[in-house]
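2 protein chains.
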Amino acid sequence: MRLDIQTKDFSYPVCIGNLEQITHASKVLVVSDSIVAPLHLNTLLSKLKAPHIFTHMISSGEEHKTWQGIEGILESAFQANLSRKDLMLALGGGVVSDMVGFASAIYKRGIAFQIVPTTLLAQVDASVGGKTGINNKYGKNLIGAFHPPRAVHIDPLFLTTLPKREFKAGMAEMVKKAVCFDKDYFKWLESHPLEQHLELGIYKSVAIKASVVAQDEKEEGLRRGLNYGHTFAHAIEKAGAYSTHLHGEAVAIGMQMANALALKLGLLEQATQERIQALLKTYGLDLPYHIADFESFYKDLQMDKKNTKGICFILPKGLGAFVAREDMDKSTLKEALHAWL
Amino acid sequence: MRLDIQTKDFSYPVCIGNLEQITHASKVLVVSDSIVAPLHLNTLLSKLKAPHIFTHMISSGEEHKTWQGIEGILESAFQANLSRKDLMLALGGGVVSDMVGFASAIYKRGIAFQIVPTTLLAQVDASVGGKTGINNKYGKNLIGAFHPPRAVHIDPLFLTTLPKREFKAGMAEMVKKAVCFDKDYFKWLESHPLEQHLELGIYKSVAIKASVVAQDEKEEGLRRGLNYGHTFAHAIEKAGAYSTHLHGEAVAIGMQMANALALKLGLLEQATQERIQALLKTYGLDLPYHIADFESFYKDLQMDKKNTKGICFILPKGLGAFVAREDMDKSTLKEALHAWL
Numbered sequence: 001m002r003l004d005i006q007t008k009d010f011s012y013p014v015c016i017g018n019l020e021q022i023t024h025a026s027k028v029l030v031v032s033d034s035i036v037a038p039l040h041l042n043t044l045l046s047k048l049k050a051p052h053i054f055t056h057m058i059s060s061g062e063e064h065k066t067w068q069g070i071e072g073i074l075e076s077a078f079q080a081n082l083s084r085k086d087l088m089l090a091l092g093g094g095v096v097s098d099m100v101g102f103a104s105a106i107y108k109r110g111i112a113f114q115i116v117p118t119t120l121l122a123q124v125d126a127s128v129g130g131k132t133g134i135n136n137k138y139g140k141n142l143i144g145a146f147h148p149p150r151a152v153h154i155d156p157l158f159l160t161t162l163p164k165r166e167f168k169a170g171m172a173e174m175v176k177k178a179v180c181f182d183k184d185y186f187k188w189l190e191s192h193p194l195e196q197h198l199e200l201g202i203y204k205s206v207a208i209k210a211s212v213v214a215q216d217e218k219e220e221g222l223r224r225g226l227n228y229g230h231t232f233a234h235a236i237e238k239a240g241a242y243s244t245h246l247h248g249e250a251v252a253i254g255m256q257m258a259n260a261l262a263l264k265l266g267l268l269e270q271a272t273q274e275r276i277q278a279l280l281k282t283y284g285l286d287l288p289y290h291i292a293d294f295e296s297f298y299k300d301l302q303m304d305k306k307n308t309k310g311i312c313f314i315l316p317k318g319l320g321a322f323v324a325r326e327d328m329d330k331s332t333l334k335e336a337l338h339a340w341l
Numbered sequence: 001m002r003l004d005i006q007t008k009d010f011s012y013p014v015c016i017g018n019l020e021q022i023t024h025a026s027k028v029l030v031v032s033d034s035i036v037a038p039l040h041l042n043t044l045l046s047k048l049k050a051p052h053i054f055t056h057m058i059s060s061g062e063e064h065k066t067w068q069g070i071e072g073i074l075e076s077a078f079q080a081n082l083s084r085k086d087l088m089l090a091l092g093g094g095v096v097s098d099m100v101g102f103a104s105a106i107y108k109r110g111i112a113f114q115i116v117p118t119t120l121l122a123q124v125d126a127s128v129g130g131k132t133g134i135n136n137k138y139g140k141n142l143i144g145a146f147h148p149p150r151a152v153h154i155d156p157l158f159l160t161t162l163p164k165r166e167f168k169a170g171m172a173e174m175v176k177k178a179v180c181f182d183k184d185y186f187k188w189l190e191s192h193p194l195e196q197h198l199e200l201g202i203y204k205s206v207a208i209k210a211s212v213v214a215q216d217e218k219e220e221g222l223r224r225g226l227n228y229g230h231t232f233a234h235a236i237e238k239a240g241a242y243s244t245h246l247h248g249e250a251v252a253i254g255m256q257m258a259n260a261l262a263l264k265l266g267l268l269e270q271a272t273q274e275r276i277q278a279l280l281k282t283y284g285l286d287l288p289y290h291i292a293d294f295e296s297f298y299k300d301l302q303m304d305k306k307n308t309k310g311i312c313f314i315l316p317k318g319l320g321a322f323v324a325r326e327d328m329d330k331s332t333l334k335e336a337l338h339a340w341l
């Protein structure tokens, strides 16, 4: 199966199915991490045809998505003296593709990169759309660039080695898109256990993202819906120093927080909230969470990239639609979040 | 006088003349350096209307155009919690605008910036065209982004405090454009002492760059002519750790090297070479230089961003035209450069 994603400057293919041969006429720098490489690097290299292939390994984990990690990738690129005709290739989860995307965006003012995502989260979400970046002490993805890949190769076979916890976490991004953009997809997810419909489930999720991103590449309107749950998630991840929750887990908790706020504002009915919660529960994403310090949590919400006036909350409006609200006062928010305080 | 520069995404004004009021509806972070700020920051602030104004100072000089400098700017931006609607404003020479441009390109995946250039070099060249970046141990501007400013405000009055050496260095970029793109402008420069025709001289130079950049924003063809002298200049600057030569001085030497190569290849007549040399001499840019270590110099040339196969040399083809050549062997180059060995 194949989708084509239209960006402002070019379109790129997202191929879903058995990994096919990847050919490049000049140098390729393959970047992977310490967990994925031992499992899948050889498979990838057996499919890669290029005159010169270099590899660079980064430490696994969101806590390594830092400038130091980018410097390491750039160092390997300069050592290999990659030119603007050469290619970086990311093999791994969202951390790897976000970092390789950012490194390739700023190396010699931008070279091409491609992605072979190996986690469910990266396959259904992170690998498509051109957002790249790193974290810093102020929060998540606060430094980065819009730099779309030139191709994404999604092979569900890579998921066979994915820890169950990570697989479930990836599911959160699928639910996210169903709730904000596509009621039919939500119903489909309710009635089709993902493990048995993996390729089609991924395809449908990528298709929604492709359509959204094509309409709003730079997140000025529609694309903001993809941030449902994320304003909260970023604060949750930061509070845990990017190591206690997987990104998808934080998004799942964040969606429930957004739902609580939407319920309070009359945007969401309780029955719908419960359906979303039930679907998350099916994948073990009905997770407990406690906001240790509301003031600090609130401060982190204020750092979100989407904010221009107040904190920008993406709230579901029933199933298949959303609103962006920047007019929330602190006390309303605190009341809505009482279950987590 | 005003020129409008068309980029792929938007157009921006370059205003040449007395600095007019700059108005922004939200926060502005003004970035300047330790030499320019004491001279001109108050003038700028008196012309700037915005609800919240922050300032950040960087160390003056090309040797500070590093990631550490970018981190400092980003830190001030996060402290001020700039949103995507806010603005960075560069007041200074090319180092300041390159750094503010890059910082604004990657802050929250990109916010707007404007430039008030205070050196001749920045006014006629660096401030227009959208190239931003920093140096690293591998060379000059090797990390960066294409990120055009939203406006450039050129006031020749700022040049009254510019050291003579820097003024002359800026002239090199004007000669560069005349040689590669515009024979009439070359003749005009020969017959019009710049000090007495400053505003018009700047205007003509910016107009050439505007036209070139509009035709080839990402440097895939025509824009490469703007790199005349620069392949050599980057190696010269690196050899001097970015502190012995001003950028324009290195470019002037680099143009003479390119001319020697062009002469050897029959692209340039000796009489034309001498005219270019004479014009440079008028501005004290007929500078001596010695290549201390040819092997290391050659290695630095190989790191140039424009290279895809061999080293890419931009060579004048008479006056008003150029060719890009990647087929030069090492011995031909060494022979052409004998005067500097």
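Residue numbers (the UniProt record's numbering), protein chains in the order written: chain A, 1 to 341; chain B, 1 to 341.
Just so you know, even glycine gets a beta-carbon here, dropped at the ideal spot from N, CA and C.
Contact defined as beta carbons within less than 8 Å: I believe residue i pairs with residue j. What is the distance between those atoms, to the nearest angstrom?
i                 : j                 : result
Ile106 of chain B : Val175 of chain B : 33 Å between Cβ atoms; not a contact.
Gly92 of chain B  : Val36 of chain B  : 4 Å
Lys65 of chain A  : Val95 of chain A  : 5 Å
His230 of chain B : Gly254 of chain B : 6 Å
Ala252 of chain B : Leu287 of chain B : 6 Å
What did DSSP end up calling residue i once you bin it into helix, strand or coil?
i                 : result
Ala81 of chain A  : A small fix is needed here, since residue 81 of chain A is Asn in this sequence, not Ala. Asn81 of chain A: coil per DSSP, three-state reduction.
His24 of chain A  : coil
Arg224 of chain A : helix
His290 of chain B : coil
Val30 of chain A  : strand
Gly133 of chain A : strand
Asp4 of chain B   : strand
Ala50 of chain A  : coil
Ala324 of chain B : strand
Leu315 of chain A : strand
Please confirm whether residue i has its beta-carbon closer than 8 Å to some beta-carbon of chain B.
i                 : result
Ile115 of chain A : no
Gln273 of chain A : no
Ser83 of chain A  : yes
Lys108 of chain A : yes
Phe78 of chain A  : yes
Lys238 of chain A : no
Met257 of chain A : no
Gln270 of chain A : no
Gly201 of chain A : no
Gln302 of chain A : yes
Lys65 of chain A  : no
Lys264 of chain A : no
Gly92 of chain A  : no
Lys305 of chain A : yes
Can you confirm whether residue i, when its beta carbon is compared against all beta carbons of chain A, has any partner nearer than 8 Å?
i                      : result
Thr308 of chain B      : yes
residue 383 of chain B : For chain B, the structure presents residues 1 to 341; residue 383 of chain B sits outside this window and is missing.
Tyr138 of chain B      : yes
Leu142 of chain B      : yes
Gly101 of chain B      : no
Ala105 of chain B      : yes
Gly330 of chain B      : In the sequence as displayed, the identity of residue 330 of chain B is Lys instead of Gly. Not an interface residue.
Lys49 of chain B       : no
Lys176 of chain B      : no
Lys131 of chain B      : yes
Please work out which residues of its chain come closer than 8 Å, Cβ to Cβ, to residue i, disregarding the five sequence neighbours upstream and downstream, and give them in chain order.
i                 : result
Tyr138 of chain B : Met303
Met57 of chain A  : Val31, Ser32, Asp33, Ser34, Ala37
Lys47 of chain B  : Leu19, Glu20, Gln21, Ile22
Skipping 5 residues on each side, what residues in its chain have a beta carbon closer than 7 Å to that of residue i?
i                      : result
Tyr298 of chain B      : Lys330
residue 356 of chain A : Nothing can be reported for residue 356 of chain A: it is not among the residues displayed for chain A, which extend from 1 to 341.
Ala122 of chain A      : Gly93, Gly94, Ser97
Arg84 of chain B       : Lys108, Ile111
Leu263 of chain B      : Gln270, Gln273
Leu319 of chain B      : Val179, Lys183, Phe186, Thr272
Tyr242 of chain B      : Glu62, Glu63, Asn135
Quick one: what's got a C-beta closer than 6 Å to residue i's C-beta in the same chain, skipping five residues either side?
i                 : result
Thr161 of chain B : Leu39
Gly144 of chain A : Phe102, Thr132, Gly133
His192 of chain A : none
Taking Cβ positions only, does residue i come closer than 8 Å to chain C?
i                : result
Leu74 of chain A : Of the protein chains in the structure, A and B, none is chain C.
| said: Please give the ranges of any alpha helix (DSSP H) in the UniProt domain "3-dehydroquinate synthase C-terminal" (170 to 307) of chain B, keeping only runs that are unbroken, at least 4 residues long and fully inside the region. | reply: Along the UniProt domain "3-dehydroquinate synthase C-terminal" (170 to 307) of chain B, the alpha helix (DSSP H) occurs as fully enclosed runs of 4 or more residues at 183 to 191, 198 to 215, 230 to 239, 247 to 264, 270 to 282, 294 to 302, listed in sequence order.
| Where are the alpha helix (DSSP H) runs, 4 residues long or more, that stay fully inside the UniProt domain "3-dehydroquinate synthase N-terminal" (57 to 168) of chain B, in chain order? | Segments of the alpha helix (DSSP H) lying fully in the UniProt domain "3-dehydroquinate synthase N-terminal" (57 to 168) of chain B: 67 to 79, 94 to 106.
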